[in-house]
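Report on the structure given below.
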Amino acid sequence: MEMSNEIEVNASVSDVWQAFNDVERIAPCLPGAQLTEIEDEEYRGVVKVKVGPVNAQYKGKATFVERDEDTLKVVILAEGRETRGQGNASAQITAVLEDLGDERTKVRVDTDLKITGKVAQIGRNLIPDVSAKIMGQFAENLEALLSDTDGANGSEVPVDDVASDPATAANANGDSSQAQSESGLRSVTSPEPEAVDLLGVAGAPVAKRAAPVAAGMVFLWLLRRIFKRRNKKSA
Numbered sequence: 026m027e028m029s030n031e032i033e034v035n036a037s038v039s040d041v042w043q044a045f046n047d048v049e050r051i052a053p054c055l056p057g058a059q060l061t062e063i064e065d066e067e068y069r070g071v072v073k074v075k076v077g078p079v080n081a082q083y084k085g086k087a088t089f090v091e092r093d094e095d096t097l098k099v100v101i102l103a104e105g106r107e108t109r110g111q112g113n114a115s116a117q118i119t120a121v122l123e124d125l126g127d128e129r130t131k132v133r134v135d136t137d138l139k140i141t142g143k144v145a146q147i148g149r150n151l152i153p154d155v156s157a158k159i160m161g162q163f164a165e166n167l168e169a170l171l172s173d174t175d176g177a178n179g180s181e182v183p184v185d186d187v188a189s190d191p192a193t194a195a196n197a198n199g200d201s202s203q204a205q206s207e208s209g210l211r212s213v214t215s216p217e218p219e220a221v222d223l224l225g226v227a228g229a230p231v232a233k234r235a236a237p238v239a240a241g242m243v244f245l246w247l248l249r250r251i252f253k254r255r256n257k258k259s260a
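Position one of the sequence shown corresponds to residue 26 (our numbering), numbered consecutively onward.
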């Protein structure tokens with residue numbers, strides 16, 4: 026599935042470029058996403074989505090495929106797997122920035138998305154509509170981030186949040202160079218995000234089109250819960 030979205034951000038192109046190249050800063054701007062670990066150039070985290078009562082959490086990683094400051098182009102490959110299911114998701118995301126002047130920047134985002142599992146079965150038709158609205162929320166969050174002078178300097182992770190290994194102990198004792206050389210892994214402390222409700226974000230017209238499918242999935246979900254309870258009682 027290929028999707029294209031454009032957003033405009035009330036910030037200079039240089040500030041937006043720096044933010045797009047700092048995953049730790051920009052990850053909280055994306056609804057449903059949480060960055061949990063960084064190891065060298067690999068960024069790990071979770072993305073939470075739901076369609077009505079059906080919840081899914083994808084755990085995976087993201088890496089930079091390309092970063093070209095001359096053309097203001099960033100390409101990111103993200104891959105994840107459902108933590109409680111057989112679904113998979115992968116996306117190659119290409120973002121190209123354009124300076125509009127007067128401290129405004131246009132960002133064109135092209136996404137090549139591949140998704141399987143229960144969310145794909147229920148919400149595939151919702152994803153293009155939801156994508157545009159999520160990008161709008163992302164733009165608002167990014168503007169808020171860039172207008173925060175404290176956040177503009179990047180985030181710092183306390184020593185206690187670094188992965189516990191010999192390198193962590195060295196870092197706690199002040200030997201940061203040893204920590205960096207022995208292990209590039211560190212955990213990131215960030216608020217747990219709420220799952221993005223595809224039906225809720227899509228709005229009434231789109232939700233109406235998807236209502237028959239969603240109703241069927243709700244019915245199956247209820248049956249599953251009932252049978253689980255019966256099995257527990259019989260056990």
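Every residue, glycine too, gets a C-beta built ideally from N, C-alpha and C.
Just so you know, the alpha carbons of Ala58 and Asp47 end up roughly 15 Å apart. Inter-segment contact for the region 67-82 and the region 211-225 is present: three or more beta-carbon pairs are separated by less than 8 Å. Assigned with DSSP and collapsed to three states, Ser172 falls in helix.
Rounded to whole angstroms, Arg133 and Val34 show a C-alpha spacing of 11 Å. Put simply, the backbone Cα of Ser212 is about 31 Å away from that of Thr130. With a beta-carbon spacing of about 20 Å, Leu125 and Cys54 fall beyond the 8 Å limit used to define contacts. DSSP links Phe89 through a beta bridge to Ile101. Residue Ile51 holds the alpha-carbon nearest to the alpha-carbon of Leu167 among Ile51, Glu27, Arg106 and Gln43. Bridge pairing for Ala44: absent [DSSP].
Leu138 is a Cβ neighbour of Met26, given a cutoff of 8 Å. Excluding its 5 nearest sequence neighbours in each direction, Asp93 has no C-beta neighbour in its own chain below 7 Å. As DSSP reads the structure, Leu122 sits in a beta bridge with Val132. Distance from the Cα of Glu49 is smallest, within the candidate group Val74, Ala87, Ala36 and Glu31, for Ala87. The Cβ neighbour count for Thr136, taken over all protein chains shown within 10 Å, is at least 16; the residue is labelled buried.
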